[in-house]
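Q: In my numbering, the protein residues as written are 9 to 144. Below you will find the structure I want to go over with you.
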């Protein structure tokens, strides 16, 4: 939760429209320098004056945001795995490879498309099946 002075300072920096959008989506106000954008239109920001591990954030291009909508290089940067963003790091520069997916792969957890394991072993226990005796 922000203090009142921090919230007012951020409101002055980002403007009223951005302030309302940030409060709706992330529940906090933040401002910082724009580090870059990815191929899906997401904007990545950084502010080193924030608390540790709260210095980097993303503003998603779509309103139904999901962490799967972030590219591999940007995910490494926003998760503090690497120090340089993909725009500055030669190793993380986006190269098109034939096995890369065309777009983001959605998270199918909880849907019919979710991964389910298939067991090929014979069960050691069987469920009890009642039998009906004939009447005399």
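From the three backbone atoms N, C-alpha and C, an ideal C-beta is built for every residue, glycine too. Just so you know, these numbers come straight off a predicted model, no measurement behind them.
What is the residue span of the beta strand (DSSP E) that residue 64 lies within?
A: That run of the beta strand (DSSP E) goes 64-67.
Q: Tell me where the alpha helix (DSSP H) around residue 80 begins and ends.
A: Segment 80-86, the alpha helix (DSSP H) holding residue 80.
Q: Suppose the cutoff is 8 angstroms on Cβ atoms and the five residues either side in sequence are ignored; what does the same chain contact list for residue 86 look like?
A: 52, 64, 65, 66 and 78
Q: Using DSSP with H/G/I as helix, E/B as strand and the rest coil, what is residue 139?
A: Coil, per DSSP.
Q: At what residues does the alpha helix (DSSP H) containing residue 14 begin and finish?
A: Per DSSP, the unbroken alpha helix (DSSP H) holding residue 14 starts and ends at 12-22.
Q: Evaluate contact between the stretch 40-57 and the stretch 89-100, counting only Cβ atoms and requiring at least three cross-stretch pairs below 8 angstroms.
A: Look at the beta carbons and you see the stretch 40-57 touching the stretch 89-100: at least three pairs across the two are nearer than 8 angstroms.
Q: Which residues bound the beta strand (DSSP E) around residue 44?
A: 41-45
Q: Using a 10 Å radius around the Cβ and a threshold of 16 neighbouring Cβ atoms, would you call residue 82 buried or exposed?
A: Its Cβ being crowded by 16 or more others within 10 Å, residue 82 is buried.
Q: Please state whether DSSP places residue 70 in a helix, a strand or coil.
A: coil
Q: Less than 8 angstroms between the C-beta atoms of residue 22 and residue 39, yes or no?
A: yes
Q: Could you round the C-beta distance between residue 31 and residue 112 to whole angstroms and report it? I think they count as a contact, below 8 angstroms.
A: Actually they are not in contact, since the Cβ atoms of residue 31 and residue 112 sit about 26 angstroms apart, beyond 8 angstroms.
Q: Pick helix, strand or coil for residue 132, following the three-state DSSP scheme.
A: Coil at residue 132, not helix or strand.
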